[in-house]
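Structure, as structure tokens:
2 protein chains.
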Amino acid sequence: MNDLVTIHEASMATGVSAKMIRHYESIGLIAAPVRTENRYRHYAARDLHELGFIRRARDLGFSIDDIRHLLALWRDRSRSSAEVKTIALRHIAALEEKAAALHAMSETLRHLAAHCHGDNRPDCPILDALDTLR
Amino acid sequence: MNDLVTIHEASMATGVSAKMIRHYESIGLIAAPVRTENRYRHYAARDLHELGFIRRARDLGFSIDDIRHLLALWRDRSRSSAEVKTIALRHIAALEEKAAALHAMSETLRHLAAHCHGDNRPDCPILDALDTLR
DNA sequence: ATATAAGTATCCCATCATAGGAAGGTCAAG
DNA sequence: CTTGACCTTCCTATGATGGGATACTTATAT
Chain A
3 MNDLVTIHEA SMATGVSAKM IRHYESIGLI AAPVRTENRY RHYAARDLHE
53 LGFIRRARDL GFSIDDIRHL LALWRDRSRS SAEVKTIALR HIAALEEKAA
103 ALHAMSETLR HLAAHCHGDN RPDCPILDAL DTLR
Chain B
3 MNDLVTIHEA SMATGVSAKM IRHYESIGLI AAPVRTENRY RHYAARDLHE
53 LGFIRRARDL GFSIDDIRHL LALWRDRSRS SAEVKTIALR HIAALEEKAA
103 ALHAMSETLR HLAAHCHGDN RPDCPILDAL DTLR
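Sequence order for the protein chains is A and B.
The opening residue of the first sequence carries number 3 in our numbering; numbering runs sequentially from there.
The opening residue of the second sequence carries number 3 in our numbering; numbering runs sequentially from there.
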């Protein structure tokens, strides 16, 4: 059962950088791992599992605070799925809102760019719009 | 021609906070305005015009570096519109990429949430997915 | 005239998630 | 025994913005 790995190996195995693993420990997102007598951190399978969880949640855009919450629920076998779903739905709404805002900016610019010659002449609807948009 | 206004009035007129106006000056995005003998900044119509330009560009999601570039082109009456269009097209692509990434996260979560009861039972496809996504 | 409120100045600190780097310790292979 | 690949902690930076402290000036209201 000596499946303890160094921070570098944990990083390779989970896709979380060593820097971030230490950071997550410093902010209390993960527990401090065991240390060998030379003060090196060593991670067990369970730790790697948690780091994988965190990375996947980050990949889905969850904030560290959300992940803290999700991790607590994940560890709690008697949790209700309702709370998890609430967090997820709130996050979905936030993601969609941001995506829509970016898309709206993009569309505005796309229309302006469509009417910009993009040649050597100075006339430019894009700059004109920034001059007096709306 | 005494249409000089205080930083607060400039803020109200342009929608850029006084904090940010000072910040833009400190990073050299805008020129330092004239000061009265009490060291208060005073802005002329041309300054307000530039601040408005900056705010509109920010509203379209341009970075400060992009805006620095756009401002230089805007001030240059002999600029070519090609360069402006290049910046805009690059920005459009970046906006769309980010929007797509957010949307993809949202869709993944939406599918997971659709199969989550959201009741008092602990079973939760969302946590299961974070456990071993893909 | 004077007290109070509002505006201005500069400076420092915080956010959020992540990365870079310095300085020094430890270990394994050449 | 050196070299290089790790490890440690601590400090700094990012990008755009806001908050706050402290001190000064100006404008309003009693």
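Don't be surprised by glycine CBs; every beta carbon is placed ideally from N, CA and C.
Owing to the predicted nature of the structure, the values given are computational and were not obtained by experimental measurement.
By the C-beta density criterion, M107 (chain A) is buried, having at least 16 other C-beta atoms within 10 angstroms. DSSP, reduced to helix, strand and coil, places R48 (chain B) within a helical segment of the structure shown.
The beta carbons of P127 (chain A) and S82 (chain B) sit no closer together than 8 Å. Along the segment 49-83 of chain A, the alpha helix (DSSP H) occurs as fully enclosed runs of 4 or more residues at 66-77, listed in sequence order. Bounds of the alpha helix (DSSP H) holding H10 (chain A) are 9-16. Within the same chain, and ignoring the five residues on either side of A131 (chain B) in sequence, the residues whose Cβ sits closer than 6 Å to its Cβ are L114.
Its Cα nearest to that of A59 (chain B), the residue B:H93 stands out among B:A102, B:A116, B:H93.
R41 (chain B) sits in coil when the DSSP states are folded into three classes, being neither helix nor strand. Between L62 (chain B) and V18 (chain B), the C-beta gap is not smaller than 8 Å, which leaves the two residues out of contact. Taking the Cα of D5 (chain A) as reference, the smallest distance to any Cα among A:Y26, A:I56, A:R48, A:M14 is reached at A:R48. For chain B, the residues of the segment 104-132 of chain A that bring a beta carbon within less than 8 Å of one of its beta carbons are L104, H105, M107, S108, T110, L111, R112, L114, A115, C118, H119, G120, D121, N122, R123, P124, D125, C126, I128, L129, A131, L132, in chain order. Interface annotation for the segment 88-105 of chain A against chain B: A90, L91, H93, I94, L97, E98, K100, A101, L104, H105, criterion Cβ-Cβ distance under 7 Å. Here the alpha carbons of I69 (chain B) and I29 (chain B) stand approximately 12 Å from one another. In the DSSP assignment, R24 (chain A) falls within the alpha helix (DSSP H) that extends over 20-28.
At a beta-carbon threshold of 9 Å, none of the residues of chain B lie near R48 (chain A); the nearest stands roughly 12 Å away.
For L111 (chain A), same chain residues with a beta-carbon under 7 Å away, outside a window of 5 residues either side, do not exist.
With contacts defined as CB atoms closer than 8 Å, T8 (chain A) and H51 (chain A) fail to qualify as a contacting pair. The beta carbons of K21 (chain B) and C118 (chain A) sit about 33 Å from each other, so the pair does not count as a contact at 8 Å. Taking 8 Å as the threshold, the shortest C-beta distance from L75 (chain A) to chain B falls below it. For D133 (chain B), the enclosing alpha helix (DSSP H) begins and ends at 127-133.
Pairing P35 (chain B) with A84 (chain B), the inter-Cα distance amounts to about 31 Å. Of the residues B:I66, B:N40, B:L97, B:A95, the one whose Cα lies closest to the Cα of E27 (chain B) is B:I66. By alpha-carbon distance to G120 (chain A), the top candidate from B:D121, B:F55, B:I89, B:L31 is B:I89.
Note: V36 (chain B) is bridge-paired with B:H44 in the DSSP secondary-structure output. Contact annotation for A59 (chain A) against chain B: L132 [CB-CB distance below 7 Å, chain order].
Not one beta carbon of chain A lies nearer than 8 Å to the beta carbon of R70 (chain B).
Neighbours of S82 (chain B) across chain A, judged by C-beta separation under 8 Å: D121, N122, R123, P124.
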